Each structure stands twice: as structure tokens, then as C-alpha cells.
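Chains as they are written, first to last, in our numbering: chain A, 13 to 251; chain V, 13 to 251.
Number of protein chains: 2
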Amino acid sequence: MGVIHGARQKARAEVAGAIKDQARRQLAAEGAARLSLRAVARELGMASSALYRYFPSRDDLLTALIIDAYNALGTAAERAFERAGTEDPRRAWGDVCRAVRRWALAHPHEYALVYGSPVPGYAAPQDTVEPASRVALTLLAVAEAAHVAGALAAPEVPAASCGTVVAEDVQRLVRSPRYTLPPEVAPRLAAVWAQLFGLISFEVFGQYNRVIDDRDVLFENAVNELAHQIGLRPAVTDA
Amino acid sequence: MGVIHGARQKARAEVAGAIKDQARRQLAAEGAARLSLRAVARELGMASSALYRYFPSRDDLLTALIIDAYNALGTAAERAFERAGTEDPRRAWGDVCRAVRRWALAHPHEYALVYGSPVPGYAAPQDTVEPASRVALTLLAVAEAAHVAGALAAPEVPAASCGTVVAEDVQRLVRSPRYTLPPEVAPRLAAVWAQLFGLISFEVFGQYNRVIDDRDVLFENAVNELAHQIGLRPAVTDA
DNA sequence: GTCTATAAACCGATAGAC
DNA sequence: GTCTATCGGTTTATAGAC
């Protein structure tokens, strides 16, 4: 019985996966605003009405795609951090940023789905917030590792106090015993977080066309500046 | 005859303006991907076919909206610079950045049209590139003014050379006699440019929701960091 | 869970009269 | 330049048979 149940669920998950895959392909061709259940069904050789057994509405399919995109990007960032380790936080910072950029360039339409224009008429449900936070939490983890390693200097430009800027939930998180870094890093990190995605979005969305040729170099330099901005100085090689 | 011609053109421009206004309202409700000539015509009480005398296709209407948006934003930035003057470049930098942010927050859907996800199937014609460049050129003008005033320090983090990173056209511009600042500022400025829009996009597109409370303070601090990044140090008040 | 059939809309674009 | 009429598509979502 459990076996039957498992097989049934597995089949269900497989069809749902096929639907999402096809929807992702359509995301590229038509964009999120024009994602059509019917077109997905047509391409899959199914009746459109059959899809409603898997996703009760167009918005539910959209939600699933959004969650998948956030999770894929979050996983890419987290794995980059895991691979880099905590020994050289400056290097880990760069690796995580590069992983985010790489994923975005490899999946421009899924990236646009979550970091581009909001889809009109769509309101993201609560289920998306945890997956959406994973990249930011990874950046925070790198900063924490840097602080533990004593590699987090006090920044030059005076910082905003954490209390006034950052939302209550985030404040509680940063001040929790899990983190030992000074809370003032939080607003700084939030700004750097937005700036990182600004660099990536300009590249993915075509704003660099006919303006920037060597985007790798530009990004590399900018990432160093961002690290500098949160006080993550390069390791001093004592010559 | 000239008068008749002028009146005719004026009437034409007025109708075209009404069409664009209505289209902008629809942009907010439906998004660029679902902008519909028919719906615009319906709302205006016109036959849909009549619109084709003003805009030969849906994409042409979209192009007009994009150009208008770039121009409105460019004008806002340029006027902020004009008002600030070249005396205190650091202040001018902040004023221009604030003007861009203010316009974006006041016109989120037009902002999304030009700095959000690319509209699928739409290719921007050449006419959009000049309006699109106005904000960046204003930032460049502020940097030039700072350099002339001797307020542009050599940056701390080593810069990328202009030659490898920036496209040929931009290089020619920066090296032209109009500008006296070192060409190495160009790649730096490009990165800062992208980062500025990253800060604004996160705010406009809702990424700060439940994360950042006081966005004014966050932006103000970040703008100072960005100034710092291009070597625009705050004026030293000799106490 | 998948199908057919259907309701009740919607779209861009064009032809041709006035 | 605006209209009506039209072509040839499109959509979300539901009802009901199997």
C-alpha cells in the first residue's frame, strides 16, 4: 500500500516536473506575464484541463516556478560557499558572487522571473520568502565567517545603525547568538546585496550592450569593491 | 497653409499623447508583455484599427513608451545636476542619484518597462539608445565636474583599464577632448551605474519588503559609498 | 486523472467604405 | 483618419463522460 502510494506520488511528481520544464521553456519565449497553461498542455500533448489537477491555477504554476528559481540560485550560492570554506573569506565572497552571476547568465529567464519586473496581478505567497532569502543568508554567512576569522575591518564610510534601517525579523536574526558580527554590518550588507544584483541584472537584461565589452573584468573589480564596502579587506600578503 | 499644417500636426500629437497616456495606465495594470492596442482603443472609445494610423504596430507603441520613459528619467537626472551646479560635486552626485530614485519610485511601471525584465519578442530599435544613455552621461558629467574641481581622488582598490572593459564608442567619448578625467574612471563609473540601479530596482520591485524598513537611510549611505567608489571624496571641512 | 466540449471572452492586424 | 467587419488565431476555466 505504501509502495502503491509511493509509486503514485512519484508519477505525479514526474508529470508535475514535465509541466514545469515545459513552462520554463515557455517562460523564455513568452515571459511570465504571458505564461499560458493551455500552451504548456498543447506542447505536452495533454488536454489543458488535465493540468488543473497539478496546478489549480496559472498563478500556482508561477509560484512553483518562482520557488524553483530561488532554490536553484540559493543552492548555487550555498554550494559555492561550502566549496570555498571559511578559511579565506575574501575568496569565498568572490566565489559566492560569481556563482550567483553564473547561474543568472545561464538561466536568464528564470532570473528575470524573480529579480525582474514584478508580474502584474501576481502576489507572491508566503512560501516564496524562505527560498528568496537563501542568497542573502549566504552573503551574511560569508560576512560572519570573515568576522570570526578577524578579517572584517571597520568600514571607512560611517555606517547606518542596524536598528533604524533593517526590519525587525532580520534584526532579530542578526542579533541572535548564531551571529557574532556587529549588527551594523546588516544594513551595509543589504546595500551590497542590492548592488550585486544590480550588476548582474544590467548584464542579464542587456543594459551593458554596446557599453561594456569585458563583463568578467568589470564584475571582478566590482565584487572586490563590494567586499571592501562591508569591510572585508583582502588578505595582506606579507612580502 | 503652414498654420493648417501646424494645427493638423498638433491634433495628431494630441491624440498620440492620449493613446500613450492610456497605454501607460495599462502598463501598470497588465505589464508591457500584455499591452494591448485593442484595450487601449476600447478605453479611449476608438476603433482599434484607428490606432494603427498613429502607431503602425504594438511594438511601435511600446518603443514610444520606452523612449518617453528614458527621456523622463534622463530629464530628471539632468535637471538635478543643473540645479546642483558644479561647485560641490559630492552634493551634485547625491542629488542626481536621489532624482533617479525619486522618479523610479513615482513611476514604477515605466521604470520596470526600461530597467526590468526585457519584453519577450521585443527588440529595442536604435532610437532608444540615445535616450537610454542620458542618466549614465549625467553621472559621467558629475565625475568630470569633480575632476575639474580637483575632487576626484585616485581610488583605493586598483581599477580596470578602460581599454579592455569599455566598448569602443564609449571609449572614444571618454577620451574625447570634452572630458579631462582619466579614462580609468569609465569602467568604475559603469559598475557604479549598475549598482545604483540595483539599489533602486530592489526597492521598486519589492525585494526590500519585510527586509528593509528605512529605505531612505539605506540609499543615502549607499550613494555615499558609490561616490567613494569612483574617488569622489566628501569635501574636507577644515575645522 | 485524462479526455472532449464548451462558455465567454480576448488578441493583432487588415480590407474597404466613408 | 475613423469607422465596421472580418480573419485566424488566442486565453482561463469549467462541466461532465470515461
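Using N, Cα and C, we set each Cβ at its ideal position, and we do this for glycine too. It should be emphasised that the depicted structure is a prediction, and the values quoted were computed from it without experimental measurement.
Item                                                                                                                                                                                  : Value
Measuring alpha carbon to alpha carbon, tell me which of V/Glu90, V/Ala179, V/Trp205 and V/Ala76 ends up nearest V/Gln138.                                                            : V/Ala76
Taking just the CA atoms, how far does V/Leu211 sit from A/Tyr220?                                                                                                                    : 17 Å
Please name the residue, chosen from V/Gly162, V/Ala172, V/Val204 and V/Leu56, that lies closest to V/Thr98 on a Cα-to-Cα basis.                                                      : V/Gly162
Show which residues of chain A have a CB atom less than 9 Å away from the CB atom of V/Gln241.                                                                                        : Ala234, Glu237, His240 and Gln241
For the putative contact between A/Val147 and A/Leu47, defined by C-beta atoms under 8 Å, what is the C-beta separation to the nearest angstrom?                                      : In fact, because the Cβ distance is near 24 Å, the residues do not count as touching under 8 Å.
Answer with buried or exposed for A/Pro130, where buried requires no fewer than 16 other C-beta atoms within 10 angstroms of its C-beta.                                              : buried
Reducing DSSP to helix, strand and coil, say where A/Ala251 ends up.                                                                                                                  : Confidence in A/Ala251 is poor, its pLDDT being 46 and thus under 50, which makes the residue's placement unreliable; the coordinate value appears in the next sentence. A/Ala251 falls in the coil class under three-state DSSP.
Is the beta carbon of A/Ala111 sitting closer than 8 Å to the one on A/Ala88?                                                                                                         : yes
Determine whether the Cβ of A/Pro143 lies closer than 8 Å to any Cβ atom of chain V.                                                                                                  : no
Could you give the distance in angstroms between the alpha-carbon of A/Arg184 and the alpha-carbon of A/Arg65?                                                                        : 40 Å
Kindly list the residues whose CB is nearer than 7 Å to the CB of A/Val182, restricted to its own chain and excluding five residues on each side of it in sequence; keep chain order. : Ala198
Does A/Ser129 get closer than 8 Å to chain V when you measure Cβ to Cβ?                                                                                                               : yes
Assuming contact is defined by CB atoms lying nearer than 8 Å, are V/Arg36 and V/Leu49 in contact in what I supplied?                                                                 : no
So, are the CB atoms of V/Leu193 and V/Glu156 less than 8 Å apart?                                                                                                                    : yes
Out of curiosity, what's the CA-to-CA distance linking A/Glu122 and V/Ile224?                                                                                                         : 24 Å
Nearest by alpha-carbon distance to A/Ala40: which of V/Glu26, V/Leu201, V/Ala19 and V/Pro132 is it?                                                                                  : V/Pro132
Using the C-alpha atoms, what's the distance from A/Tyr82 back to V/Gly106?                                                                                                           : 33 Å
Determine which residues of the segment 174 to 187 of chain V have a Cβ less than 7 Å from any Cβ of chain A, and write them out in chain order.                                      : Thr176, Val177, Val178, Ala179, Asp181 and Val182
Give the interface partners of A/Leu211 over in chain V, defined as CB-CB distance under 8 Å, in chain order.                                                                         : Ala203, Ala206, Gln207 and Gly210
For A/Ala19, I'd like the list of residues in its chain whose CB is within less than 7 Å of its CB, leaving aside the five on either flank, ordered along the chain.                  : none
Excluding the 5 residues flanking V/Pro101 on each side, which residues of the same chain have their C-beta closer than 7 Å to its C-beta?                                            : Val154, Ala157, Ala158, Ala161, Ala163 and Leu244
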